[in-house]
Amino acid sequence: MRLAFRSLVRKFDCDICFTPMIVAPDFMRSVKARDSEFTTNEADRPLIVQFAASDAQTLADAACVVAPFSDGVDLNCGCPQRWAMSDGYGACLINKPELVKDMVRHVRNQVDNPNYTASIKIRIHKDLRRTVDLCQKAEAAGVSWITVHGRTAEERHQPVHFDAIKTIKDSLSVPVVANGDIKTLRDVETTHQLTGVDGVMAARGLLSNPAMFAGYNETPLECVWDWVDLATNQGTPFTCFHQHLIYMLERVSSQPERKVFNSLQSTAAVIDYLHNTYGSPDTQTVGLS
């Protein structure tokens, strides 16, 4: 998630935020890429910078660049998108445990801060023994924690394999974070009960409800207006500003309302719509429905 959205979810009890996945070779090759892909401020902590990488030294170099402005880096070994896997990034790395081990070790050895974290985010294999082996190799290399998305690279909407996450958790000494289908605070509690993990990560769940970790089942009006303030103050491009609101309002809007809102073309039009439909920022309504 980018800076403005990270600022939003931090207001609603999100403890640690990650950047979007940044392709490490592009990041190191171009000042323009660095400036556009990585922005932060003093309040944006703790912050983990997530990289796509297929070479240990490139990942370590990128980690050294962002280390003064963040608390750790995360190697994405879970992205199932075709472009990422064809370039040697993302979920294909779960089949290269020695490379993952080498990348973790390079970051550990080259970032001059013993408290700086080096974590990985993975998907699981059909043969879970291979996943446990991968995780134990990463642990031996000094990985700080491991986030496990409880699906294989081929699975999309199938149920999360909580039993697999529990097996991985029970096989390691480092913290394990569960990911997949976290849409409410109750899902957080259920996932913890089923797996014993040390934390949970949410992505799509927070897009539709950035206040989820604060216990709201739907996006509260306060959160919508906070987003308007943060996004406009930080100069968020209209397309991004609008798309986040589309996600937030989807579950609480009728189809005709969504059709109108989705067609809006300017920040001013969006703000007018919100005022007319839901009321001003001072309205004491805690939900939109």
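Count along the sequence shown from 1, add 66, and you get the number used in my numbering. Where is the CB? At the ideal position from N, CA and C, for every residue including glycine.
Residue i vs residue j beta-carbon contact at 9 Å
{"i": "Cys145", "j": "Gly154", "result": "no"}
{"i": "Asn275", "j": "Cys289", "result": "yes"}
{"i": "Ala118", "j": "Lys167", "result": "no"}
{"i": "Ala204", "j": "Val177", "result": "no"}
{"i": "Asp101", "j": "Cys83", "result": "no"}
{"i": "Val214", "j": "Ala230", "result": "yes"}
{"i": "Ile212", "j": "Leu194", "result": "no"}
{"i": "Val304", "j": "Leu260", "result": "Before going on, a small fix: residue 304 reads as Phe here, not Val. Not in contact: Phe304 and Leu260 (Cβ atoms no closer than 9 Å)."}
{"i": "Met67", "j": "Leu272", "result": "yes"}
{"i": "Met267", "j": "Ala219", "result": "no"}
{"i": "His308", "j": "Leu330", "result": "yes"}
{"i": "Val294", "j": "Val336", "result": "yes"}
{"i": "Gly208", "j": "Pro241", "result": "no"}
{"i": "Lys249", "j": "Arg270", "result": "yes"}
8 Å Cβ shell around residue i - same chain, five flanking residues per side excluded
{"i": "Gly262", "result": "Lys232, Lys235, Asp236"}
{"i": "Val352", "result": "For Val352, the predicted model reports a pLDDT of 42, less than 50, meaning its position is unreliable and no value from the coordinates is stated."}
{"i": "Val132", "result": "Phe104, Val115, Val139"}
{"i": "Leu74", "result": "Pro276, Cys289, Asp292, Trp293, Leu296"}
Residues near residue i by beta carbon distance below 6 Å, same chain, minus five either side
{"i": "Lys70", "result": "For the record, residue 70 in the displayed sequence is Ala; it is not Lys. Excluding sequence neighbours, Ala70 sits near Leu296, Ala297, Gln300, Thr302."}
{"i": "Thr85", "result": "Val115, Gln116"}
{"i": "Thr183", "result": "Gly138, Ser210"}
{"i": "Ala334", "result": "none"}
{"i": "Leu159", "result": "Cys143, Val166"}
{"i": "Ser136", "result": "Leu113, Val115"}
{"i": "Asp81", "result": "none"}
Close Cβ partners of residue i (< 7 Å) along its chain, the five nearest in sequence each way excluded
{"i": "Asp127", "result": "Met94"}
{"i": "Pro163", "result": "Asp199, Leu200, Lys203"}
{"i": "Ala280", "result": "Phe78, Asp79"}
{"i": "Tyr313", "result": "Leu273, Ser274"}
{"i": "Val173", "result": "Leu125, Ala126, Ala129, Val139, Ala184"}
{"i": "Gly246", "result": "His215, Gly216, Arg217, Val226"}
{"i": "Asn179", "result": "Ala133"}
Bridge partner(s) assigned by DSSP for residue i
{"i": "Asp140", "result": "Gln116, Ser185"}
{"i": "Val89", "result": "Ala118"}
{"i": "Thr213", "result": "Lys187, Val243"}
{"i": "Cys401", "result": "One cannot answer for residue 401 here, as it falls past the ends of the chain, which runs 67 to 355."}
9 Å Cβ cutoff, residue i in contact with chain B
{"i": "Asn181", "result": "As a matter of chain content, chain B is missing from the structure shown, which is built from one protein chain."}
> Taking contact to mean at least 3 C-beta pairs separated by less than 8 Å, is the region 133-151 in contact with the region 171-190?
Replying inline: yes
> Whole beta strand (DSSP E) runs in the region 224-282 with 3 or more residues, listed along the chain?
Replying inline: 242-245, 265-267
> Which ranges would you report for the alpha helix (DSSP H) in the region 308-343 if only whole runs of at least 4 residues count?
Replying inline: 321-328
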